[in-house]
Every structure is written in structure tokens, then in C-alpha cells.
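Numbering (the working numbering), first residue to last: 31 to 329.
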């Protein structure tokens, strides 16, 4: 069972890392080429909004690692809101950073005639919205605020978080394994003649160890399951009133619970006794429970 868990966990980590690295390098084997194509498409659509379907979008200029310029063959006009929606939609659709700064420059004076900034969740700055810009020679400059370095940082942080989760599950597995080993160790020591047991059907019930043994199968009981079974084993084929069971299992320890808790505990005990088909715990309506044994041998 342990190796199955490790295999599934390792396989899940591998798939997650593969997906994460694909995310870092998504959309194109050559990120620069992908950016250039997307920006040229933005330029093309911007000209179409200006009813220009013939003039060219000039080669994309890379100003630095995060800043690019889109230049045009001819002058055109645009509406600020249309530019904002166009750029945002195209960047998001093509997997480029959503956070960015757009500046529209006058070709001749290289002065900024319109600009806005998109940041999430609430730090966007978009002045001069809804204004028509007259026909002129413009350069659209886009600066990306999120680079692959940010994505790698996210990846590293997420990977660390995944390993923390893995450590938690492995620790939990070790605790469960230790618990099972405790059951095995108890089973190995039950041959000690000083350790008494009750015979319940085909089971040996070691009350001091909360342990049920049948053939080579050892089952560990909780304290409350062991208390309940001890009552039934001491009173086979007899109706045990619900109030008495609640008192012996819980109330004597100062714990008061709903009657439903007893039903749940009986259900759990039934499952652990299921190896012996001759043992039945039946509900006596309005009274309590009875453990029926074909042969009630109490040692």
C-alpha cells in the first residue's frame, strides 16, 4: 500500500511540474516570436478600427526586455477606449501578461499623447477615456509588467507549497503505518500466557490490547469499540438497553452524547466483526441492542 501511495504522489508531482513549466513557456517555443506576432496583430486590428485595411504595420521594435513598440506606415486615428479593450483582450487571449502599460507616442516629437496602466486587482490607471484622437503618425508602446521571471517565482513558490503538502501526507502515512505496526506488534505478543482474552465467536478478543484476532488477521479497536464489545461479550444473546450502553461507554467518563453516537459506534463494530458471519448485533426497537452468537464461549 505504501509503494502505491508514493508512486501516485510522485506521478502527480511530475504531472504538475510538467504543466507548470509548460505554463511558463506557453503559447510558443520562441516567446519573442510569439510576442512579435501578437503585437503585429494588435497593430493590424487597430488599423482596421481606423478603417485602414491597406497600409502596413512596420517591424516591431524591442526597446528592452519588457518593452516593445508598434509602428505604422501611415497616419491613423483611434478612440482611447477601443485601444484599451483591443490590447487587453489580445494579450489575455494569447497568454501574454495581463498587467501592462500602454503609451501612444507622437512620431515626430516622441511625446506621449495618451497612456494608461493595467494592474490587478485595483491599481489600474486609465485617464482620458472615451476621447477621439485625431489622425496623426503614432507609435504604440507596450511595457509588460509581468515577465517570465515573475512566472518562475510563482512556480518556485507553488512547488515549495506542493512539497509541503507532500510532506504532510507522507507524515500522515508514517503515523498510520506506525499504528498498523503497533497492531502487528500486539499480535506478536499475544501468545504471552499472562495475557487473557475473551472468545467471541471465532475471534480472540484481547481486552488489554483492544485487539481482535481471527486466524492471521488482527484488528485494532478504539477504546469505545472495545468497551462496547466487552459489554456484549459479557452478556451474549441478551438485550442491552440503550441507556445502559450510553452510560457504560460515555457517561461514566463524564461525556454526554446523543443516542445517534451509539448507532454509529455499533455500525463500526459490526464492520470489524464481519469476518465471523455467525456474529450479529441486532437493533431491538425501542430497547437497545443484542449480540447474537451461535456459540457463546466466554473464556
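Heads up, the beta-carbon is just placed ideally off N, CA and C, and yes, glycines get one too.
Enclosing beta strand (DSSP E) for residue i [first to last residue]
i	result
residue 145	142–148
residue 26	Past the boundaries of the shown model lies residue 26; the chain is included only from 31 to 329, so the question cannot be answered.
residue 271	269–271
residue 311	309–314
residue 248	247–250
residue 87	Element bounds for residue 87: n/a, residue is neither H nor E.
residue 228	228–230
residue 244	241–244
residue 135	130–136
residue 100	97–101
residue 162	162–166
Euclidean distance between Cα positions of residue i and residue j
i	j	result
residue 68	residue 61	11 Å
residue 236	residue 266	17 Å
residue 179	residue 95	The predicted position of residue 179 is uncertain, since its pLDDT is 48 and thus under 50; a value taken from the coordinates is nonetheless stated next. Rounded to the nearest angstrom, the two C-alpha atoms are 11 Å apart.
residue 324	residue 317	22 Å
residue 258	residue 246	23 Å
residue 253	residue 195	31 Å
residue 240	residue 279	14 Å
residue 75	residue 103	14 Å
residue 99	residue 161	22 Å
residue 277	residue 234	26 Å
residue 146	residue 171	11 Å
residue 92	residue 65	10 Å
residue 232	residue 251	16 Å
residue 164	residue 144	12 Å
residue 312	residue 242	20 Å
residue 109	residue 116	11 Å
residue 106	residue 173	22 Å
residue 293	residue 122	56 Å
residue 97	residue 90	11 Å
residue 139	residue 124	32 Å
residue 244	residue 272	28 Å
residue 289	residue 275	10 Å
residue 255	residue 268	18 Å
residue 159	residue 114	9 Å
residue 120	residue 295	60 Å
residue 142	residue 72	19 Å
residue 300	residue 249	12 Å
residue 175	residue 70	19 Å
residue 118	residue 167	22 Å
Where the alpha helix (DSSP H) through residue i begins and ends
i	result
residue 291	289–302
residue 112	110–123
residue 74	61–79
residue 235	Here residue 235 belongs to no alpha helix (DSSP H); instead the beta strand (DSSP E) covers 233–236.
residue 175	Element bounds for residue 175: n/a, residue is neither H nor E.
residue 261	253–264
Classification of residue i by the beta-carbon crowding that lies within 10 angstroms, buried from 16 upward
i	result
residue 134	buried
residue 284	exposed
residue 78	exposed
residue 314	exposed
residue 321	buried
residue 287	exposed
residue 150	exposed
residue 304	exposed
residue 137	exposed
residue 297	exposed
residue 87	buried
residue 329	Confidence at residue 329 is low in this model, with a pLDDT of 41, below 50, so its placement is unreliable and the value that follows should be read with caution. Classification for residue 329: exposed.
residue 307	exposed
residue 330	The question about residue 330 has no answer here: the residues shown for the chain are numbered 31 through 329.
residue 309	buried
Inter-stretch contact at 8 Å, needing at least 3 Cβ pairs: the stretch 80–92 / the stretch 127–137: no
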